[in-house]
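These protein sequences, in sequence, are chains A and B. So for the first sequence, the numbering used here puts the first residue at 1; every next one is plus one. So for the second sequence, the numbering used here puts the first residue at 145; every next one is plus one. To keep things clear, I will list the structure first and then write my remarks on it.
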Amino acid sequence: MKIYDSATVPYQSLDDFSIKYDIIRTHEEFHGHKCTDSVLVQQRDGSHNLGYAKLLLMFKISVSGEEHDIVFIQDYAVASPADMSEDDKATGFRKLILGGLESTYFILPDSIIRSAFIVNTDDIHENHYFINDLVDTDMYLCLM
Amino acid sequence: MARHSQRIAILDLIARDIAQSAEESSQENTKKVTDSVTLGSAHELWLSPRTVEKEHTEDSLFKYFVMKLKLFLSHTFSVPQTLSMDSLMVCHQFYLLIHTINN
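Below, the structure is given as structure tokens:
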């Protein structure tokens with residue numbers, strides 16, 4: 001098992017249809033700080049809805065002489081309206097709730113669509129997050 | 145209120161940007177993503193892989209995740225589920241990681 005701290009994700013922008021690249025990281029010491037990126041992923045059930053996930057580990061594993069690239073993720077679920085305060089609604093951002101151990105999955109790297117800017121909502125709820133759809137036009141269009 | 149106005153202004157900018165981009169993209173919409181995700185394009189963080197230590201094999205959480213990994217490998221690559229932990233070379237960092245996942 002060989003662990004990697006980064007990966008390059010190519011994707012076709014919905015903005016101008018050009019090919020763009022994101023670098024995603026799970027790095028213990030990225031410029032002196034732990035860096036754990038989040039990503040948009042394809043849903044495992046094959047539906048066209050987007051999935052949201054936190055990257056936990058990116059690794060290669062060798063089985064019977066063959067190497068496989070695998071990503072270990074933790075899913076975020078979309079918060080229900082009942083989980084959103086008035087302040088949450090005022091921001092206009094989609095709210096996500098990070099799942100627990102049961103929300104961890106192994107996926108293939110090609111299931112990753114692109115990186116996502118997902119940040120904590122506040123200091124009280126450690127597992128509540130907002131996904132920022134204004135980082136670029138492609139992200140805005142992805143989340144429309 | 146100021147944040148709301150700021151957001152509307154940004155959305156307005158994006159909307160204009162989209163309209164312009166859609167026009168420009170009409171010539172290019174046949175482009176497809178041909179590359180795949182490339183691991184470790186920068187550098188490897190943790191140095192060398194380590195086999196799992198004896199006491200980790202007794203850990204129920206660790207066993208649960210190794211089983212989860214075996215199931216995934218089995219479904220995706222037809223790898224037999226009877227593989228031992230040692231043959232998977234699951235490393236120490238994985239053991240440490242699963243004990244830090246928020247629950």
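Just so it is clear, CB atoms sit at the ideal spot from N, CA and C, and this is done for glycine as well. Keep in mind it's a predicted model, so treat the numbers as computed, not measured.
Does residue i come out as helix, strand or coil in the three-state DSSP assignment?
i	result
Thr137 (chain A)	helix
His219 (chain B)	helix
Pro224 (chain B)	coil
Phe238 (chain B)	helix
Val210 (chain B)	helix
His187 (chain B)	Because His187 (chain B) carries a pLDDT of 41, less than 50, the predicted location of this residue cannot be relied on, and the following value inherits that uncertainty. In this structure, His187 (chain B) counts as coil in the three-state DSSP scheme.
Glu29 (chain A)	strand
Ala79 (chain A)	coil
Leu14 (chain A)	coil
Thr36 (chain A)	strand
Ser64 (chain A)	coil
Asp122 (chain A)	coil
Ser205 (chain A)	Lying before the first or after the last residue shown, residue 205 (chain A) is absent from chain A, which here runs from 1 to 144.
Thr91 (chain A)	helix
Asp5 (chain A)	coil
Asp69 (chain A)	strand
Leu101 (chain A)	helix
Asp110 (chain A)	helix
Gln42 (chain A)	strand
Leu96 (chain A)	strand
Asp203 (chain B)	coil
When the distance is taken between beta carbons, is residue j closer than 8 Å to residue i?
i	j	result
Asp22 (chain A)	Ser180 (chain B)	no
Ile3 (chain A)	Leu57 (chain A)	yes
Phe130 (chain A)	Lys95 (chain A)	yes
Thr137 (chain A)	Asp37 (chain A)	no
Ala77 (chain A)	Ile107 (chain A)	no
Asn132 (chain A)	Phe93 (chain A)	yes
Glu28 (chain A)	Lys34 (chain A)	yes
Phe206 (chain B)	Ile242 (chain B)	yes
Gln225 (chain B)	Lys214 (chain B)	yes
Thr220 (chain B)	Ala7 (chain A)	no
Gly150 (chain A)	Gln43 (chain A)	Residue coverage of chain A in this structure runs from 1 to 144, which leaves residue 150 (chain A) outside it and unanswerable.
The ligand ZN and residue i: does any heavy atom of the ligand fall closer than 7 Å to the residue's C-beta?
i	result
Tyr11 (chain A)	Annotation note on the ligand ZN: not contained in the displayed structure, which lists no ligands.
What's the call for residue i, buried or exposed, on a 16-neighbour Cβ count within 10 Å?
i	result
Leu191 (chain B)	Low confidence applies to Leu191 (chain B): its pLDDT is 32, below 50, so where it sits in the model is not reliable enough to give any reading.
Lys89 (chain A)	exposed
Ala82 (chain A)	exposed
Tyr140 (chain A)	buried
His128 (chain A)	buried
Asp87 (chain A)	exposed
Ser146 (chain A)	Chain A is shown from 1 up to 144; residue 146 (chain A) falls before or after that span and cannot be answered.
Gly99 (chain A)	buried
Gln150 (chain B)	exposed
Original post:
Are the stretch 66 to 82 of chain A and the stretch 102 to 110 of chain A in contact at 8 Å, needing three or more beta carbon pairs?
Top reply: Judged by Cβ distances under 8 Å, the stretch 66 to 82 of chain A makes contact with the stretch 102 to 110 of chain A, as three or more pairs qualify.
Subject >> Interface residues of the stretch 118 to 143 of chain A facing chain B [CB-CB below 8 Å] >> reply: Here the close residues are Glu126, Asn127, Leu134, Thr137, Tyr140, Leu141.
**OP:** For the stretch 44 to 60 of chain A and the stretch 10 to 28 of chain A, state whether three or more C-beta atom pairs, one from each stretch, are separated by less than 8 Å.
**Re:** At 8 Å Cβ cutoff, the stretches touch.
Original post:
Taking any Cβ of chain B, which residues in the stretch 56 to 86 of chain A have a Cβ under 9 Å from it, in chain order?
Top reply: Within the stretch 56 to 86 of chain A, contact with chain B at the beta-carbon level (separation under 9 Å) is assigned to Leu56, Leu57, Met58, Phe59, Lys60, Ile61, Ser62, Val63, Ser64, Glu66, His68, Asp69, Ile70, Val71, Phe72, Gln74.
Original post:
What residues from the stretch 6 to 18 of chain A come within 8 Å of chain B, judged by C-beta to C-beta, listed N to C?
Top reply: Those residues of the stretch 6 to 18 of chain A that come within reach of chain B (Cβ to Cβ, closer than 8 Å) are Ser6, Ala7, Thr8, Val9, Pro10, Tyr11, Gln12, Asp15, Asp16, Phe17, Ser18.
Subject >> Interface residues of the stretch 210 to 226 of chain B facing chain A [CB-CB below 8 Å] >> reply: Within the stretch 210 to 226 of chain B, those residues whose Cβ lies closer than 8 Å to any Cβ of chain A are, in chain order, Lys212, Leu213, Phe216, Leu217, Thr220, Phe221, Val223.
Subject >> Selection of the stretch 33 to 46 of chain A by Cβ proximity to chain B, strictly under 8 Å >> reply: So nothing in the stretch comes that close.
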